[in-house]
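Below is one structure, written out as structure tokens; comments come after it.
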Amino acid sequence: MAELLAVRDLRVDFATDRGPAQVLDGINVEVGAGEVVGLVGESGCGKTTLARAILGILPEGAARIRGGAVHFKGRDLLHENPAVVNDRVRGRAITFIPQDPFTSFSPVFPVETQIMDLMKWKSPRAAEGARPAALGGRYPRERYRADREAVLDTLRAVQIPEPARALRRLPHEFSGGQRQRLMIAMALLPRPDLIIADEPTTALDVTIQAQILKLLRALVKERGVSVLFTTHDLGTAHEICDRVVVMYAGQEMEAAPTDAFFGRPAHPYTRRLLASVPGPGGELRDIPGEVPSLVAPPAGCRFHPRCDHATPECRELRPAPRMLAREHGVRCHHPVES
Amino acid sequence: MTAAWFVLTRLARDRSALIGLVLIALLVVCAVLAPVLSTHPDDVFELHPAERLQAPSGAHWLGTDRMGSDMYSRLLFGARITIVIGLIAVGASLAIGVPIGLVAGYYHGWLSDALMRVSDIFLAVPQVVLAIAIAQTLGPSLPNVILALSVTYWPWFARVVYAETRALQKEIFVESTAALGASPWRLTVLHVLPNIASPIIVRASIGMGFTILTAAALGFLGLGPPPPTPEWGRTIAESREFLPDAWWYAMAPGLAIFLTVMGFNLLGDGLRDVLDPRLRRRRTIRDG
Amino acid sequence: MRLLALALHRLLWFAPTLLGLLVVTFVISRVIPADPVALVAGETATPAQVEALRRDLGFDRPLVVQFVDYVGRLVRGDMGTSLYTRRPIVEDLVARLPATIELTVVAMLVSIAVGIPLGVLSALWRNSLLDHALRVVTVSGLAIASFWLGIMLQLLFAMRLGWTPLNGRLAGFPPRPLTGFYLLDAALSWDWPTFGTALAHLALPAATLAFPALATLVRFTRAGVLDVMQSNFVLYERAMGLPRPLIVWKYILRSALTSTVTQIGLLFGILLAGAVVTEAVFDWPGIGTYAVNSIIRSDYNAVMGFTVWAGAIFVVVNLVVDVAHTLVDPRERTT
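Chains as they are written, first to last, in my numbering: chain V, 2 to 339; chain D, 307 to 594; chain C, 1168 to 1502.
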């Protein structure tokens, strides 16, 4: 299957007071065309770093890519001309939905300015390779009108009431949920192939999280857009994803279609995660132990210190990916077969 | 006093703060050891008209002024004046401003408002202008300059202390101590003062720089200690009619002022960065 | 609507603050000196002359009466008469106002036009050669005595190099008095030679005045930009591949400036203060030299008049700044 996006063996270090932390350690993730893939993991497992690495916006001083590749439509984004990537890939083929809608808009410009600035440079009707003449650059009247129509249509699609009036407002006049809908609209307008959504509902009220997620899924399925969607909440993944990938300490542990993932989890960590969701009686079952330090991570499989089934092999050798079934991959020396 | 040690070691890592410290140390050395370091210590009072306006040479390292006195020696003694003015003026401002700020911050009624309004009035007019007005009224002399500067600088201390006291009042620990029945003044002294020490120290250091500049301006305008006192600002004023030939006459005292004020500013910035990273963000131009 | 409320609130505030200022200056002028009249009369005056002068000036009346009288006259726009020029002080001040304002405005424009872009570049190219060079400039900017800087500039550019005139506002005939601002008047009258002369005379004083302001602006713009660069909306714009110049010069700068605008207003106030000393150095015929000369001549009323005027200006500037801040930060407007 020709994947749209294939992250291969990506290694990213972050500089810390105690030395480089190996935040991503040879991770592999694939997203196919028209697929919604959920990337699940606890806080600090590296999901956001992965999202930013794919987009190419890691913090310059602090983060370093040690190796690996990010293949998108056949080309390695890490080794392409950065200017070309900025112009053609970011904001066009790959768009972004950030975690915090409250601070992701500039507070001093009306929503219209910000969306139309985006359309000026990233509209599907815009020519590629236009030279960004700082604040200048021509925005032909025809195209402006067409773009604006598209914006209004998309705003209606994300259920923003009275789009024309809404555009003139400032971001802080919208609720969190509405702002995230605006973000979804802005992610769809350039007609991308892939949307990277970094915990898009974490900052929202629980009551509207489901709404937003369903809306997102409906819209992307309609348009055939792929989504790579990070979250720490298993329930969210179950809601809208076609496939789920679980991460732990900078490595992926298991990847499977949603029903297989929730029905027949193979990796001990996955099983623990699913078990730790509060049971019907309200009991909580924790996973004993702590997330490992990334500065001096454990050798071999990073989960082995907390794993019941760990053997000497697990302590020394990092498991290679193994396919248990079609599209169900796991990295474990002793996956649980069911 | 591990807190002081902590501050000192952090400060030592900041190169510009160290430069500031060195410059200030230089100033102090010059002032204290003026009689020893100067080549012509009597030139502060004696005149040698025959030797007037000589360029820098082996005999007179920084040349001579219009009275034939050695510039280098006069500069050294001028350092004494500078330090005295700075220390006393800032000290007095502190002594006036801090209590006022404390009282205004602690109480919440009309007293507090009134005190802050008064302080705003003094802040409404630029310090230079008010100092000029006062000094002119009182006549040119060293004590009058110090008085004028003290009277115009205290609001800066009051404002800082007021803001911090109010902020601290909201902190839980102050409320709980009050709940335990400590008397208000005991509360203030034991709990509030240590916390406001940092901003006060920073303000004092920066205040030294500003005060010295204002004092020099007053001296320049003829409102400072009268001749033959070798005050730096006045020396610059004297030099004007002999330019461009006697360039050293204007340049030397100006450089002295520059290095001194720079020293205090650098130290103040360094202290601010070390003592309270939070303060680093909220700088405004009014940080005079 | 909120704007109006704010403006009114500030104006209401204007009166007590000004009154307080008046009390302070009045006290200073009448109460502190042992005998203000004697000071004015001079050392050679006989006691009889001093008494005559006292009655003349109304200083023999009770203090409170004097104060009320002073305030009353002030409200009617009468600041008293200059003991030196024998003209109403208000007239003296008004005549000299354009010179000071022209100097201050030019200095402010220069410091903004140069300072803000340099601050942005300094933040973008952090720790580069430019950044370090600017750091030296900004630190010096606040440590140099203005009057000394002026003298040094005169020494170099006027005396040694002869590139600019030494002092004064103009040599030769002033342009047609339309606004009182020589640059504007010359330009409006198409009198370009005079425009050139006026500009040449402005060069050094404006540079002297602008230097500390410029230093401060670079510093705060740099800090503001560095701060805003960490924002989430900048991250979003980068993630969506918006062109870098757009992100920097439109979005980052605009947010960084929200706080700087307040400071530009304060800057204006500080420039006015610096103008006093700078005018003295360059013999600039503005309000600053008037104040300084009044000091030298012990022209009390004039100095007090100047202080009151300066205070009033500051209160007004603060008002304008508050209003401007509300305008610039839209969040304040609608909440």
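Quick reminder that beta carbons are idealized off the backbone N, C-alpha and C, glycines included.
- Query: What's the gap between the Cα of Arg1222 (chain C) and the Cα of Gly1432 (chain C)?
  - Reply: 44 angstroms
Q | Distance CB(Thr566 (chain D))-CB(Leu324 (chain D)) smaller than 7 angstroms | A | no
What three-state label does DSSP hand Asp575 (chain D) in the structure shown?
helix
Does Tyr1403 (chain C) get closer than 7 angstroms to chain V when you measure Cβ to Cβ? yes
(message) Restricting to Cα atoms, I'd like to know which of V:Tyr249, V:Val228, V:Glu255, V:Asp234 is closest to Asp243 (chain V).
(response) Nearest neighbour of Asp243 (chain V) by Cα position, chosen from V:Tyr249, V:Val228, V:Glu255, V:Asp234, turns out to be V:Val228.
Item to check | Interface positions of the stretch 387 to 421 of chain D facing chain C (Cβ-Cβ less than 8 angstroms), listed along the chain | outcome: none
Euclidean distance between Cα positions of Thr370 (chain D) and Ser363 (chain D): 10 angstroms
If we count Cβ pairs, one from each stretch, closer than 8 angstroms, do we get three or more for the stretch 329 to 338 of chain V versus the stretch 295 to 314 of chain V? yes
Margin query: I need the DSSP call for Asn1334 (chain C), collapsed to helix, strand or coil.
Written below: coil
> Can you tell me the Cα-Cα spacing of His80 (chain V) and Gly45 (chain V), whole angstroms?
Replying inline: 27 angstroms
Report task. Within its chain, find whatever has a CB closer than 6 angstroms to the CB of Gly403 (chain D); leave out the 5 residues flanking it on each side and keep chain order. Result -> By the criterion of a C-beta distance shorter than 6 angstroms, Gly403 (chain D) is surrounded in its chain by Trp460, Phe463, Ala464, once the five residues flanking it on both sides are discounted.
Neighbour-count burial assignment, Met1275 (chain C), 16 or more Cβ in a 10 Å radius:
buried
Contacts of Thr1425 (chain C) in chain V (Cβ-Cβ under 7 angstroms): Within chain V, the residues Val109 have their CB atoms less than 7 angstroms from the CB of Thr1425 (chain C), given in chain order.
| Using the C-alpha atoms, what's the distance from Ile518 (chain D) back to Val1482 (chain C)? | 26 angstroms
- Which word fits Trp1292 (chain C), buried or exposed, when buried means at least 16 other C-beta atoms lie within 10 angstroms of its C-beta? With fewer than 16 other Cβ atoms within 10 Å, it is exposed.
_Proximity to Arg142 (chain V) [Cα-Cα], best of V:Arg126, V:Arg157, V:Leu153_ = V:Arg126
Taking only beta carbons into account, state which residues of the stretch 1268 to 1302 of chain C come closer than 9 angstroms to chain D, listed in chain order. The residues in question are Arg1302.
- [ ] Return the residue from the list D:Arg578, D:Leu561, D:Ala441 that minimises the CA-CA distance to Pro502 (chain D).
- [x] Note on identity: in this sequence residue 502 (chain D) is Ile, with Pro being the wrong assignment. Ile502 (chain D) has its Cα closest to that of D:Arg578, out of D:Arg578, D:Leu561, D:Ala441.
Three-way DSSP call (helix, strand, coil) for Glu31 (chain V) in this model: Residue state, collapsed to three classes: strand.
Hey, quick one: how far does the alpha helix (DSSP H) through His239 (chain V) stretch, first residue to last? 235 to 241
**Request:** Using beta-carbon positions only, say whether Ser107 (chain V) and Tyr1403 (chain C) come within less than 7 angstroms of one another.
**Result:** Result no, Cβ atoms of Ser107 (chain V) and Tyr1403 (chain C) do not sit closer than 7 angstroms.
Does any residue of chain C have a CB that is nearer than 7 angstroms to the CB of Ile213 (chain V)? no
Next item on the list: Identify the contact partners of Phe1400 (chain C) in chain V, using a Cβ-Cβ distance below 7 angstroms as the criterion.
Entry: Within chain V, the residues near Phe1400 (chain C) are Thr104, Ser105, Phe106, Ser107.
Exercise. Hey, quick one: how far does the alpha helix (DSSP H) through His1368 (chain C) stretch, first residue to last?
Worked result: Counting along the chain, His1368 (chain C) sits inside the alpha helix (DSSP H) bounded by residues 1359 to 1396.
request  = Pick out whichever of V:Val86, V:Leu275, V:Pro258, V:Gly92 has its Cα sitting closest to the Cα of Arg192 (chain V).
outcome  = V:Gly92
So with CB distances below 9 angstroms, who are the chain C contacts of Arg91 (chain V)? Arg1405, Ala1406, Met1407, Gly1408, Leu1409
* Please check if any C-beta of chain D sits within less than 7 angstroms of the C-beta of Ala1491 (chain C). => no
Considering only C-alpha positions, which residue in the set D:Gly574, D:Leu448, D:Ser375, D:Tyr468 is nearest to Thr345 (chain D)? Of D:Gly574, D:Leu448, D:Ser375, D:Tyr468, the residue nearest in Cα terms is D:Ser375.
Could you work out which residues of chain D lie near Pro1183 (chain C), taking near to mean beta carbons separated by less than 8 angstroms?
-> Arg423
Note to self: Whole angstroms are fine: how far does the CA of Glu61 (chain V) sit from the CA of Leu6 (chain V)?
What the structure shows: Going by the C-alpha atoms only, they are around 23 angstroms apart.
Determine the chain C residues that contact Thr231 (chain V) at a beta-carbon separation under 7 angstroms, and present them in chain order. Here the premise fails: no neighbours, minimum Cβ distance about 14 angstroms.
Next item on the list: Out of C:Pro1412, C:Asp1466, C:Asp1450, point me to the one whose CA is closest to Ile1318 (chain C)'s CA.
Entry: C:Asp1450
Sorted by chain position, which residues of the same chain lie with C-beta nearer than 8 angstroms to Ala556 (chain D)'s C-beta, five sequence neighbours on each side aside? Ile542, Ser545, Arg546, Leu549
Exercise for review: Tell me whether Leu417 (chain D) is buried or exposed, calling it buried when 16 or more other Cβ atoms sit within 10 Å of its Cβ.
Suggested key: exposed
Using a 10 Å radius around the Cβ and a threshold of 16 neighbouring Cβ atoms, would you call Ser176 (chain V) buried or exposed? exposed
DSSP three-state assignment for Tyr145 (chain V), whether helix, strand or coil
helix
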